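Asker: Sending over a structure as C-alpha cells; questions will come in a sec.
Numbering (the working numbering), first residue to last: 2 to 388.
Printed below as a string of C-alpha cells:
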C-alpha cells in the first residue's frame, strides 16, 4: 500500500525533498526496501508531510521491523486529518497485519529515571507513559539506576497481548573484605554506585533472497523473514537464511549486506533407465505368470494320469503308455516350476533394483550460496508518490 502525497504549495517544500521522495518510490517498487526507507527518511527530515509516514511504515513492514511499522502507521492515522474512508481502511488493515507480529510490555519501574534495556538496547527511562511495542517472542529486560542494583528479567511476549514487569530496584550493597577488626581511620564514604553495564556493540545487517519470505535467524533466534534488516552482534554472529547457514562478521557501527542464492537443482535424468527397469520387471513378471500356468497344466496332466491308472487298473501296453505319459508330465511339471521360481526371483530383484536406483540416483540440490559485503554505508528504504 503506497500513498502519494498531494502537491502542496508550501514554502518549505524543496526540490531535494521531492527528489528523495520520488527515489524512495522507485526503490520501493523495485523491492529495494532498505534504500527506499533511507530516501523517505531524508524526505521527511526536509518536510514533515504525513504521507511520508505511511510510506515509512510500509518499508518497515516489508523489512519485518514490525514495532516500527506499528508506530508509523499509528502516527499516520493520528496526524492525517483528510484521509478518505478507503485510505483509512487500507491503513488500518496494514496496521493490523503488523500488530499480528508484535506484543507489548507494560513497565512499572522505580525509581524514576531508571534505564530499561530490551535485548541489550536502551528502550527508555522510567516512568513509561505507554507500553513498549516489541516483536513477539522471548526478550531479556534489564533495569539499572545509579545507587541501585541492576535487575534482569526474561519475559515471553505473545502477539497482540501485553506482558508486564513491575519492579523497584533495591539499593546497591557495599561489599567489604573480611578483616580481624575495625581499623582506625575515617569512616568509609557512601558506596559507589555500580557502573551500568555497557551495551553490547552491534552492527547492521541487511539480508536479501531471490524469493522473499525466507526465515532469518541470528545466533539461533528468529528475527524475521527476508527482506530483513536489523542489528547483529559486532565481531561475529551465526546467520541462518533458508537452507544457508554461516558466520557473518560486522564491526561496531558497520553495515553489511548478505545476498543468499538457493542452490540449483540438476536435471532429473533417471526416467529412461527407470522405464527400462520397469519394462524388464514387467517382462519377468509375465514370464513368472506364464511358466506358473504351464506348471499348473503339467500338474493337472500328471494328476489325471495317476487317477486313470488307479480307477481303470490297465494292463500291458496300456499301462506302459500311461506310465510314460505320467513321466513326461512329471518332467514338464518340474521344468516349469523351476522356471517359474527363477522368473519370480528375477522379477523381485529387478523391481527392487529399479526402486533403489530411483532413490539413490535422485538429483541432489546444490547447497545455497551467499555473498556478503561490508561497509556499504547507510542504506535505507522509502515508498513512492509525489509531494
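All residues carry an ideal CB built from backbone N, CA and C; glycine is no exception. Keep in mind it's a predicted model, so treat the numbers as computed, not measured.
How about residue 70 and residue 79: do their beta carbons lie closer than 8 Å?
Answerer: Indexing the chain shown from 1 puts residue 70 at position 69. Indexing the chain shown from 1 puts residue 79 at position 78. It is not a contact, given that the beta carbons lie outside the stated cut-off.
Asker: Would you report the Cα separation of residue 364 and residue 273, rounded to the nearest angstrom?
Answerer: Walking along the chain shown from the start, residue 364 turns up at place 363. Walking along the chain shown from the start, residue 273 turns up at place 272. Spanning the two alpha carbons is a distance of roughly 14 Å.
Asker: Would you kindly work out how many angstroms separate the C-alpha atoms of residue 263 and residue 209, rounded to a whole number?
Answerer: One-based indexing of the chain shown puts residue 263 at position 262. One-based indexing of the chain shown puts residue 209 at position 208. Whole-angstrom Cα-Cα distance: 11 Å.
Asker: In the structure shown, what three-state DSSP assignment does residue 383 receive?
Answerer: Counted from its first residue, the chain shown places residue 383 at position 382. Residue placement at residue 383 cannot be trusted, given a pLDDT of 34 that sits under 50; the coordinates are not used to answer.
Asker: Using only CA atoms, which one of 220, 158, 259, 154 lies nearest to residue 1?
Answerer: Since the first and last residues shown for the chain are 2 and 388, residue 1 lies out of range.
Asker: Would you mind reading off the limits of the alpha helix (DSSP H) that contains residue 295?
Answerer: Here residue 295 refers to the residue found at position 294 of the chain shown. Start and end: 272–313.
Asker: Since residue 232 sits in a beta bridge, which residues does DSSP pair it with?
Answerer: Mapped onto the chain shown, residue 232 falls at position 231. Bridge partners of residue 232: 205.
Asker: Leaving aside the five residues before and after residue 236 along the sequence, list all residues of the same chain whose C-beta is less than 6 Å from its C-beta, in chain order.
Answerer: The sequence position of residue 236 within the chain shown is 235, counting from 1. So the list is empty, once near-sequence residues are dropped.
Asker: Give the range of the alpha helix (DSSP H) segment to which residue 74 is assigned.
Answerer: On the chain shown, residue 74 is found 73 positions in, with the first residue counted as 1. Residues 67–80.
Asker: Kindly list the residues whose CB is nearer than 7 Å to the CB of residue 348, restricted to its own chain and excluding five residues on each side of it in sequence; keep chain order.
Answerer: Taking the chain shown and counting its residues from 1, the one referred to as residue 348 is at position 347. Correct list, in chain order: 282, 285, 286, 289.
Asker: Quick one: what's residue 260 bridged to in DSSP?
Answerer: Numbered from 1 along the chain shown, position 259 holds the residue referred to as residue 260. Residue 260 pairs with 209, 372.
Asker: Indicate whether residue 375 and residue 251 have their beta-carbon atoms separated by less than 8 Å.
Answerer: For the purposes of this step, residue 375 is taken as the residue at position 374 of the chain shown. For the purposes of this step, residue 251 is taken as the residue at position 250 of the chain shown. Yes, the Cβ-Cβ distance between residue 375 and residue 251 is below 8 Å.
Asker: At the level of alpha carbons, what is the spacing between residue 276 and residue 360?
Answerer: Within the chain shown, the letter at position 275 stands for residue 276. Within the chain shown, the letter at position 359 stands for residue 360. So the alpha carbons of these two residues sit roughly 14 Å apart.
Asker: In the DSSP assignment, what are the bridge partners of residue 142?
Answerer: Locating residue 142 in the chain shown gives position 141, where the first residue counts as 1. Residue 142 is bridged to 119, 154.
Asker: Should residue 56 be labelled buried (16 or more other beta-carbon atoms within 10 Å of its own) or exposed?
Answerer: Looking up residue 56 in the chain shown gives position 55. When all chains shown are included, residue 56 counts as buried.
Asker: Can you look up residue 17 in the DSSP assignment and give me helix, strand or coil?
Answerer: Against the chain shown, residue 17 aligns to sequence position 16. In the structure shown, residue 17 sits in a helix (DSSP, three-state: H, G or I).
Asker: For residue 81, collect the residues of the same chain with a Cβ closer than 6 Å to its Cβ; drop the 5 residues on either side in sequence, then sort them by chain order.
Answerer: Counted from its first residue, the chain shown places residue 81 at position 80. Closer than 6 Å at the Cβ level, and outside the excluded window around residue 81, lie 51.
Asker: Got a sec? Which residues, its chain only, sit under 8 Å from residue 170 by beta carbon, not counting five neighbours each side?
Answerer: The count along the chain shown starts at 1 and reaches residue 170 at position 169. Excluding sequence neighbours, residue 170 sits near 110, 111, 112, 115, 144, 145, 146, 149, 150, 151, 152.
Asker: Measure the C-alpha to C-alpha separation of residue 92 and residue 23 and round it to an integer number of angstroms.
Answerer: To locate residue 92, count along the chain shown from 1; it is residue 91. To locate residue 23, count along the chain shown from 1; it is residue 22. For residue 92 and residue 23, the distance between alpha carbons rounds to 21 Å.
Asker: Relative to the C-alpha of residue 344, which candidate in 86, 296, 45, 134 has its C-alpha closest?
Answerer: Locating residue 344 in the chain shown gives position 343, where the first residue counts as 1. Ranking 86, 296, 45, 134 by Cα distance to residue 344 puts 296 first.
Asker: Which value, in whole angstroms, describes the spacing of the CA atoms of residue 240 and residue 64?
Answerer: Here residue 240 refers to the residue found at position 239 when the chain shown is read from its first residue. Here residue 64 refers to the residue found at position 63 when the chain shown is read from its first residue. Using only the alpha carbons, I get a separation of about 16 Å.
Asker: May I ask you to report which of helix, strand or coil DSSP gives residue 222?
Answerer: Here residue 222 refers to the residue found at position 221 when the chain shown is read from its first residue. Reduced to three states, the DSSP call for residue 222 is strand.
Asker: Of the residues 319, 341, 61, which one's Cα is nearest the Cα of residue 98?
Answerer: For this step, residue 98 is matched to residue 97 along the chain shown. Residue 98 has its Cα closest to that of 61, out of 319, 341, 61.
Asker: Straight-line CA distance for residue 34 to residue 104?
Answerer: The count along the chain shown starts at 1 and reaches residue 34 at position 33. The count along the chain shown starts at 1 and reaches residue 104 at position 103. Taking the straight line from one Cα to the other gives about 24 Å.
Asker: So what does residue 244 bridge to, in DSSP terms?
Answerer: As a working note, residue 244 is residue 243 in the chain shown. Answer by DSSP bridge pairing: none, since residue 244 is not bridged.
Asker: Give me the Cα-Cα distance between residue 309 and residue 336, rounded to the nearest whole angstrom.
Answerer: As a first step, residue 309 must be located in the chain shown, where it is residue number 308. As a first step, residue 336 must be located in the chain shown, where it is residue number 335. Going by the C-alpha atoms only, they are around 23 Å apart.
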